[in-house]
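Trainee:
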């Protein structure tokens, strides 16, 4: 039964079914076999057994050919207007089937299809729908996550979203690892990317004699505009004193 429900939801997410059609199919899958209903002829025969009942009378006489003694019914007075019902308090859940349909509709509204959901959960585990929507909203593709994981990074959804927001590319991460920064945290990589740290800056600092710098130290130099030329000039000035 779960397999059929999954197929229905995937068809809904792919746009092959409308929401109404999906609800009808899911309701049919969850409903037990219906009991056999009697046909119309059986119902009429049962009504005729009651000789004095309204069914027998309406079957024997037409609407304008009533026997004597049957007075016309008085008109029914109009009902007074019903008082408005108080608003219902919000319910935490409408049931598992309704919740699944709500999730599929949310994914569809954000342009996320079943293939994207499947690949993201394969890469990051059984993450919530909200996380999948956040990844999709920032244009993060499953291939991007797999590239980062291939570089040895153990990233959470928040890390991946931060990488996407600040433009941390897989090539940049590979470049930093190639320069010996193989213990960088996701926060280090985001800070270095934001402040324009690249391989050229690190190579120039190395030539100026600033080696074995930490990620925090390199970011601090970049923030304050300290480059290799400034370091070389300061060393020359100190050596002359």
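Numbering (the UniProt record's numbering), first residue to last: 1 to 241.
Cβ coordinates follow ideal geometry from the N, Cα and C atoms, glycine included.
Taking one C-beta from the stretch 118-136 and one from the stretch 18-29 each time, how about it: are there three or more such pairs within less than 8 Å?
Mentor: Segments in contact, no.
Trainee: Note down, in chain order, each residue of its chain lying with its Cβ closer than 6 Å to the Cβ of residue 136, except the 5 sequence neighbours on either side.
Mentor: Result list for residue 136: 110, 112, in chain order.
Trainee: Could you tell me the distance, in whole angstroms, from the CA atom of residue 219 to the CA atom of residue 153?
Mentor: Going from the Cα of residue 219 to the Cα of residue 153 covers about 20 Å.
Trainee: Going by Cα to Cα distance, which pick from 183, 157, 144, 155 is closest to residue 170?
Mentor: Out of 183, 157, 144, 155, 144 has the C-alpha closest to the C-alpha of residue 170.
Trainee: Which residues in the same chain have their Cβ closer than 8 Å to the Cβ of residue 161, if we skip the five residues on either side of it in sequence?
Mentor: For residue 161, where only same-chain residues beyond five positions count, the Cβ hits under 8 Å are 134, 135, 138, 140.
Trainee: Closest to residue 226 by CA distance: which of 202, 212, 238 is it?
Mentor: It is 202 whose Cα lies nearest to the Cα of residue 226.
Trainee: As a quick exercise: from 208, 77, 222, 215, pick the residue whose alpha carbon is nearest that of residue 234.
Mentor: The shortest C-alpha separation from residue 234 is found at 208.
Trainee: Going by Cα to Cα distance, which pick from 175, 75, 84, 108 is closest to residue 19?
Mentor: Per the Cα distances, 108.
Trainee: Taking buried to mean at least 16 other C-beta atoms within 10 Å of its own C-beta, is residue 101 buried or exposed?
Mentor: So residue 101 ends up on the buried side.
Trainee: Quick test of your reading: residue 142 and residue 120, contact by CB under 8 Å. State the CB separation rounded to the nearest angstrom.
Mentor: 6 Å between Cβ atoms; contact.
Trainee: Could you compute how far the alpha carbon of residue 57 sits from the alpha carbon of residue 78?
Mentor: Low local confidence applies: a pLDDT of 43 at residue 57 is under 50, so the model's placement there is unreliable, with the coordinate-based value given in what follows. Approximately 27 Å between the Cα atoms of the pair.
Trainee: Could you check if residue 114 belongs to the surroundings of the ligand GTP, using beta carbon to heavy atom distance under 8 Å?
Mentor: As for the ligand GTP, it is missing from this structure, which has no ligand bound.
Trainee: Grab the span of the alpha helix (DSSP H) containing residue 145 for me, first residue to last.
Mentor: Counting along the chain, the alpha helix (DSSP H) containing residue 145 begins and ends at 142-150.
Trainee: Go ahead and pull the three-state DSSP assignment for residue 3.
Mentor: Three-state result, residue 3: helix.
Trainee: What residue range is occupied by the uninterrupted alpha helix (DSSP H) comprising residue 175?
Mentor: Element bounds for residue 175: 170-178.
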